[in-house]
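Those letters in the sequence shown? Residues 8 to 307, by our numbering.
For every residue, glycine included, the Cβ atom is placed at its ideal position computed from N, Cα and C.
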Amino acid sequence: MAKIPPSMVRNGYVYGAKLIRKLPNNILSKGVYNLGKLAPDFLPSKHDIVAKHMRRVLGESAGEKEVEKYVKEAFASYAKYWIEGAQVLTWPADKLERALVCEGFSNITEAVDSGQGVVVALAHLGNWEVGGAWLARKGYPMWTVAEVLETEGLFEFFVEQRELLGLKILPLAKDTGTILAKHLKEAGVVGLLCDRDIQGGGIEVEFFGEKTTLPPGPAMLAYRCKARLVTAGIYTGQAGGETGYLAVVNDPIEINFGAKLRDEVNRLTQVIAKELEGLISRAPSEWHLFQPNWPSDSIS
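Written out as structure tokens, the structure is:
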């Protein structure tokens with residue numbers, strides 16, 4: 008099969024996003040959501056991975072019909088995520104501010120206002136970019152990290168879109184940690200997705216009843232910068248703002264700054280994993296993780 012030129016891939020995203028922004032939000036979101044439910048039938052390998060994830064989240068008591076329901080809803084939710092991510096750029100500032108209700112917002116504001124940085128540990132849950140845009144509107148802009156994509160120009164496009172929302176995106180590089188540490192020491196907010204060990208070599212934890220590894224970044228940064236560490240999730244389709252977004256920021260995780268770095272990072276990463284379990288379990292179908300995440304996922 009001929010490889011699609013990188014420029015064509017990038018242009019597909021660019022012009023697709025422009026088209027999405029011109030279409031009515033309610034009609035488009037509902038249509039895409041329903042179409043998304045059909046996707047698992049055409050992507051059997053992805054279907055099987057998501058089904059494994061849903062079984063872990065739902066527990067042993069979940070039957071196949073229930074698992075399949077959540078699998079279809081996960082694909083539908085992910086399709087809706089892309090639509091809403093493009094359309095939020097067209098929202099007036101006041102609509103964005105009303106779009107979301109945040110439980111535990113003071114867990115961020117109290118720290119920043121007193122001069123302490125905050126590390127927010129996130130999962131690929133709901134629409135975290137909308138949460139980041141809302142934070143920026145409230146005066147607490149979030150910095151985050153993104154892996155550079157192989158397709159030429161596509162990474163720059165995604166960075167541009169997210170920075171228009173008020174997020175600061177750093178490419179994953181050798182000096183990224185140093186830059187984030189400086190920002191935290193200046194009482195900044197850093198959000199890090201940490202439910203998947205993309206680079207490998209992470210900390211072994213128990214996550215939904217099975218051993219895997221998760222990245223040490225959030226715990227490491229919080230410890231080294233004496234920052235506040237919280238976990239958070241954002242959900243769509245729940246009672247929230249005028250467009251139905253609900254964000255939840257958990258209470259700060261206690262950090263023992265007197266403990267050895269390695270021991271404390273290991274402990275904190277397990278605590279993060281446990282709290283992410285709770286956030287994901289609140290809306291399993293909004294967990295947008297379509298890749299293997301446990302060693303057993305690669306076993307057919």
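Could you pull the start and end residues of the alpha helix (DSSP H) that PHE162 belongs to?
For PHE162, the uninterrupted alpha helix (DSSP H) segment begins and ends at 161 to 171.
Judging by CA-CA distance, which residue of VAL256, GLU213, LEU132, VAL278 is the nearest neighbour of ALA118?
The shortest Cα separation from ALA118 among VAL256, GLU213, LEU132, VAL278 belongs to VAL256.
So what does DSSP say about CYS201, is it helix, strand or coil?
Here CYS201 sits in coil by DSSP.
By a C-beta neighbour count over all protein chains shown, 10 Å radius and 16 as the cutoff for buried, is LEU205 buried or exposed?
For clarity, residue 205 is Ile in the given sequence; the question names Leu instead. The residue is exposed, with fewer than 16 neighbouring Cβ atoms inside 10 Å.
Would you say THR220 and ILE279 are within 9 Å of each other, going by their C-beta atoms?
No, Cβ-Cβ distance for THR220 and ILE279 is not below 9 Å.
Going by DSSP, what residue range makes up the beta strand (DSSP E) through ARG289?
It is not in any beta strand (DSSP E) - ARG289 carries neither H nor E in the DSSP assignment.
Taking C-beta to C-beta, are GLU136 and GLY92 nearer than 9 Å?
It is a contact, given that the beta carbons lie within the stated cut-off.
Span of the alpha helix (DSSP H), counted from its first residue to its last, around TRP141
Its alpha helix (DSSP H) spans residues 135 to 144.
Spatial distance of TYR252 from TYR88 (CA atoms)
The alpha-carbon atoms of TYR252 and TYR88 are separated by roughly 12 Å.
Return the first residue and the last residue of the alpha helix (DSSP H) that GLU217 is part of.
Unbroken run through GLU217 is the beta strand (DSSP E), 217 to 221; no alpha helix (DSSP H).
C-beta contact flag for LEU236 and ALA130 at 9 Å:
No; because the gap between Cβ atoms is not below 9 Å, this pair is not in contact.
Contact belief for PRO291 with MET61 at Cβ below 8 Å, rounded distance in angstroms
The Cβ separation is near 6 Å, so the contact holds.
So, using beta-carbon positions, are GLY198 and TRP141 closer together than 9 Å?
No, the Cβ-Cβ distance between GLY198 and TRP141 is not below 9 Å.
For the region 258 to 265 against the region 100 to 108, are there 3 or more C-beta pairs whose distance is under 8 Å?
Because the criterion of three Cβ pairs below 8 Å is not met, the region 258 to 265 and the region 100 to 108 do not touch.
Report the three-state DSSP secondary structure of TYR88 (helix, strand or coil).
In the three-state reduction of the DSSP assignment, TYR88 falls in the helix class.
Going straight from the alpha carbon of ARG203 to that of ALA143, what length do you get?
If you draw a straight line from the Cα of ARG203 to the Cα of ALA143, it is about 25 Å long.
Report the residue from ALA58, CYS201, PHE162, GLY216 whose alpha carbon sits nearest the alpha carbon of GLU71.
The shortest C-alpha separation from GLU71 is found at ALA58.
Per DSSP, cross-strand counterpart(s) of GLY178:
Just to set this straight, residue 178 is Pro in the shown sequence, not Gly. Looking at the DSSP assignment, PRO178 forms a beta bridge with ALA153.
Which same chain residues end up closer than 7 Å to PRO302 when comparing Cβ atoms and leaving out the 5 residues on each side of it in sequence?
Excluding positions up to five away in sequence, the list reads THR219.
Taking only three categories from DSSP, how would you classify PHE49?
When secondary structure is reduced to three states using DSSP, PHE49 falls in the helix class.
Same chain, Cβ closer than 8 Å to ASP48, five either side skipped, listed in chain order
HIS54, listed in sequence order.
Helix, strand or coil: which one does DSSP assign to GLY111?
Residue state, collapsed to three classes: coil.
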